[in-house]
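Undergrad:
2 protein chains.
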Amino acid sequence: MPVAAPAQPAGRDAQREEMLDQAALILARDGMAGLSLRKLAEACGTSTMAVYSLFGGKDGLLDALYLATMEGLGHALQAVPPHPDPMVWLAELGLAYRAYSLAHPALYGIITGASLAHGRVDAVNLKVLSGYQTLKRAVERLLAERDHWRRYTPDLVADALWAVVHGVVSLELNGHFATGDAAEAVLRHNSAAVVGHMLAEMERA
Amino acid sequence: MPVAAPAQPAGRDAQREEMLDQAALILARDGMAGLSLRKLAEACGTSTMAVYSLFGGKDGLLDALYLATMEGLGHALQAVPPHPDPMVWLAELGLAYRAYSLAHPALYGIITGASLAHGRVDAVNLKVLSGYQTLKRAVERLLAERDHWRRYTPDLVADALWAVVHGVVSLELNGHFATGDAAEAVLRHNSAAVVGHMLAEMERA
DNA sequence: AACACCGTTATAACGATGTTATAGTTCGCA
DNA sequence: TGCGAACTATAACATCGTTATAACGGTGTT
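First to last, the sequence lines map onto chains A and R. Here the first sequence is numbered in the working numbering, starting from 344 and rising by one per residue. Here the second sequence is numbered in the working numbering, starting from 344 and rising by one per residue.
(1) If you drop the 5 nearest sequence neighbours on each side, which residues of the same chain put their C-beta closer than 8 Å to that of Val-511 (chain R)?
(2) Between Gly-452 (chain R) and Met-375 (chain R), how many whole angstroms is the CB-CB distance? I'm expecting something under 8 Å.
(3) Report buried or exposed for Pro-429 (chain R), applying the criterion of at least 16 other Cβ atoms within 10 angstroms of its Cβ.
(4) Relative to the C-alpha of Ala-506 (chain R), which residue among R:Ala-521, R:His-519, R:Leu-478, R:Glu-361 is closest?
(5) Quick one: is Thr-455 (chain R) near chain A, going by C-beta distance under 8 Å?
(6) Please identify the residue among A:Leu-499, A:Arg-494, A:Leu-416, A:Ser-396 whose C-alpha is closest to the C-alpha of Arg-355 (chain A).
(7) Does any C-beta atom of chain R lie closer than 8 Å to the C-beta of Leu-445 (chain A)?
(8) Using the three-state DSSP reduction, which class does Leu-530 (chain A) fall into: helix, strand or coil?
(9) Quick check on Arg-480 (chain R): buried or exposed, where buried means 16 or more other Cβ atoms within 10 Å of its Cβ?
(10) Check whether the Cβ of Leu-383 (chain R) lies closer than 8 Å to any Cβ atom in chain A.
(11) Got a sec: which bits of the stretch 365-397 of chain A sit with their beta carbon under 9 Å from any beta carbon on chain R, in order along the chain?
(12) Excluding the five sequence neighbours on either side, which residues of its own chain have a C-beta within less than 7 Å of the C-beta of Met-413 (chain A), listed in chain order?
(13) Can you pull the chain R residues whose beta carbon is under 9 Å from the beta carbon of Val-423 (chain A), in chain order?
(14) Helix, strand or coil, according to DSSP, for Asp-428 (chain A) in the structure here?
(15) Against chain A, with Cβ distances strictly below 8 Å, would His-426 (chain R) count as a contact?
(16) Please classify Asp-364 (chain R) as buried or exposed, where buried requires at least 16 other C-beta atoms within 10 Å of its C-beta.
(17) DSSP on Ala-521 (chain R), reduced to helix/strand/coil?
(18) For Gly-399 (chain R), count neighbouring Cβ atoms within 10 angstroms of its own Cβ and tell me buried if that reaches 16, exposed if not.
(19) What residues of chain A sit near Asp-502 (chain R), judged by a beta carbon separation below 8 Å?
(20) For Met-362 (chain A), count neighbouring Cβ atoms within 10 angstroms of its own Cβ and tell me buried if that reaches 16, exposed if not.
(21) Answer with buried or exposed for Ala-439 (chain R), where buried requires no fewer than 16 other C-beta atoms within 10 angstroms of its C-beta.
(22) Pull up the distance between the alpha-carbon of Ala-367 (chain R) and that of Lys-382 (chain R), whole angstroms please.
(23) Under the three-state reduction of DSSP, which class applies to Ala-535 (chain R): helix, strand or coil?
(24) Give a yes or no on whether 8 Å exceeds the smallest Cβ distance from Ala-536 (chain A) to chain R.
(25) Around the C-beta of Ser-390 (chain A), are 16 or more other C-beta atoms found within 10 angstroms, so that it is buried, or is it exposed?
(26) Residues of the stretch 428-442 of chain A in Cβ contact with chain R at a cutoff of 8 Å, in chain order, please.
(27) May I ask which residues mark the beginning and end of the alpha helix (DSSP H) holding Tyr-495 (chain R)?
(28) If you draw a straight line from the C-alpha of Arg-547 (chain R) to the C-alpha of Ala-535 (chain A), how long is it?
(29) Starting from Val-394 (chain R), follow the alpha helix (DSSP H) in both directions and report where the run begins and ends.
(30) What would DSSP say about Leu-405 (chain R), mapped onto helix, strand or coil?
(31) Spatial neighbours of Pro-424 (chain R) within its chain, please: C-beta separation below 7 Å, excluding the five flanking residues on both sides.
(32) Identify whether Val-423 (chain A) lies in helix, strand or coil by the three-state DSSP scheme.
(33) Does Arg-547 (chain A) come out as helix, strand or coil in the three-state DSSP assignment?
(34) If I follow the unbroken alpha helix (DSSP H) through Ala-449 (chain A), where does it start and stop?
(35) If I'm right that Ala-393 (chain R) touches Ala-384 (chain R) with Cβ under 8 Å, what's the distance once you round it to whole angstroms?
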C-alpha cells in the first residue's frame, strides 16, 4: 500500500525548475541582496508560500540553487571534448570552468562564498557531482600514461587543480586582475605549473 | 581658515576601533548573518546611529572591516621573518596567509565573498596594501637572484601565488578538504609548483 | 457519487532588519 | 557666554524571512 500519494505530484518538478530559473534571473539582474521571496513569488505569479512548500524556506531554495549551479558547471565541463592529450584536456577544462563562472557570477558566488557562511553541501557530496568527476577522469588519464606513483592520487591532483582554477576565478570576479587576459594568463600558467611540477617529481623518482 | 572643525574629533578613531572590534567579535561568534546594527550598538553601549555617523551605514562599516582585515593580514605576512632563501620565504608567507584566514574565517569571508557581491575596494587599492607588497618583495628577491626575464614580472608572479593560496584557503574554509593536513599539502605543492614552473621556464630560455 | 483527508495556496500578521526623520544634547570656538 | 554644527537617542518606516490561519483542490475510500 502506498503510504500517501502527494496531493498534486504533477507539475511539482516543473514548478521547482521555473522557480529556480526565475531566481537565477533575479540573481543575475539584482545580485544576491536583491533576491527576496516576495519578488521571486511575484515573478512566478504565486505567493511566498510556494517557496516553503517547494523548498522548505529560503535556505532550501539556496541549497537547490547551489545544486543546480553545480550541475550546470558539471555539464559545462562535460561538454568539453576529451582531448587525446590529457594536458590539453585539463587546460581546456580550466578554461571552461572560468567561462562558466564569468557567465554566471552571482550563481558562482552561491557555490563558493555562500556555502562558506553555512555549509550547504559537504565535501563528500561535492565530489560526487559530475564536474569534479570529469576533472578526476582527465587526471586519471594523465596518470595512466606514466608509472603510477602512490604519492599522487587522482584525488590529490584533482583537488590541487580545482583549487588553482577556483583561486584565479574568485580573484578575477573580485576585480583583482586588471584585465581578463591577465587572469587567463595566470590561470594557464598555474594549471600547467601544478601538472608539470607533479610530472617532474614523478620523473625524478 | 579651516573650513569647519568637527565637533568632537577626539575619540572618533577610538570609537571607530572599538566598534570594529565589537563587530569582529560578533562576526566570529554569530557569523555574517548575526551581525546586526542593533546588536552591535548594544555591544558598544550606544545606538545604531553611531554606525551612520562613524561609517555612513552598514556598507561603510563592512568597508572599514574589509580594510581592517586586509591590514591585519598584511601585519601577519610582515611578521614572517624574511628567510634568506626566497623559496622558503614564499612558502612561509603562504602558510601565514592560511593561518590568518583559518583564525578569522568570518573576516576572511568579508574580504573575499562579500566584496564579490558589491565591489568594496578595487584592484589598485588592494595592491597598495602591505600584504601584497610583502609578497611582491619576496618575489622580487627571488627574481633578483636569476637573470630577469621580461615575461615574468613580479606582479604576475605575485598574482599567481596570491591566487594559489587564496584558492586553497577558500576551498578549505568551504569544507572541500577532508583534513587540514590535506589542504596544507595541496598548498605547499601548488606554491612550489607555480614558482618552480616559472624558474624552469626561465632556465630553458 | 459523495465524503473525508491532506497538501497547497493566499492573506495577514509577527519579529527583526537597515534606514531615515526628528528632536535633544554636547562640544568647539568666537 | 552664546552660537552653530555634529553627534546622539528615540521613534517611525519600508522591507525582509517566517509563521499562523483559513479557503481551495485533488486523491483515495466508502
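Yeah, the Cβ is synthetic: ideal placement off N, Cα and C, and Gly gets one too.
TA: Straight from the coordinates:
(1) Arg-441, Ala-526, Val-529, Leu-530, Asn-533
(2) 6 Å
(3) buried
(4) R:Leu-478
(5) Interface flag for Thr-455 (chain R) against chain A is set, since a Cβ pair is found closer than 8 Å.
(6) A:Ser-396
(7) no
(8) helix
(9) buried
(10) no
(11) Gly-374, Met-375, Ala-376
(12) Ile-454, Leu-472, Gly-474, listed in sequence order.
(13) Here the premise fails: no neighbours, minimum Cβ distance about 20 Å.
(14) coil
(15) no
(16) exposed
(17) It is coil, neither helix nor strand.
(18) With fewer than 16 other Cβ atoms inside 10 Å of its own Cβ, Gly-399 (chain R) counts as exposed.
(19) Leu-514, His-519, Phe-520, Ala-525, Val-529
(20) The residue in question, Met-362 (chain A), is buried, as its Cβ has 16 or more Cβ neighbours within 10 Å.
(21) Its Cβ being crowded by 16 or more others within 10 Å, Ala-439 (chain R) is buried.
(22) 12 Å
(23) Shown here, Ala-535 (chain R) sits in a helix according to DSSP, grouped into three states.
(24) yes
(25) exposed
(26) none
(27) No alpha helix (DSSP H) holds Tyr-495 (chain R); DSSP gives it neither H nor E.
(28) So the alpha carbons of these two residues sit roughly 15 Å apart.
(29) 392-398
(30) helix
(31) none
(32) coil
(33) In the displayed model, Arg-547 (chain A) falls within a helix according to three-state DSSP.
(34) Start and end: 448-452.
(35) 6 Å
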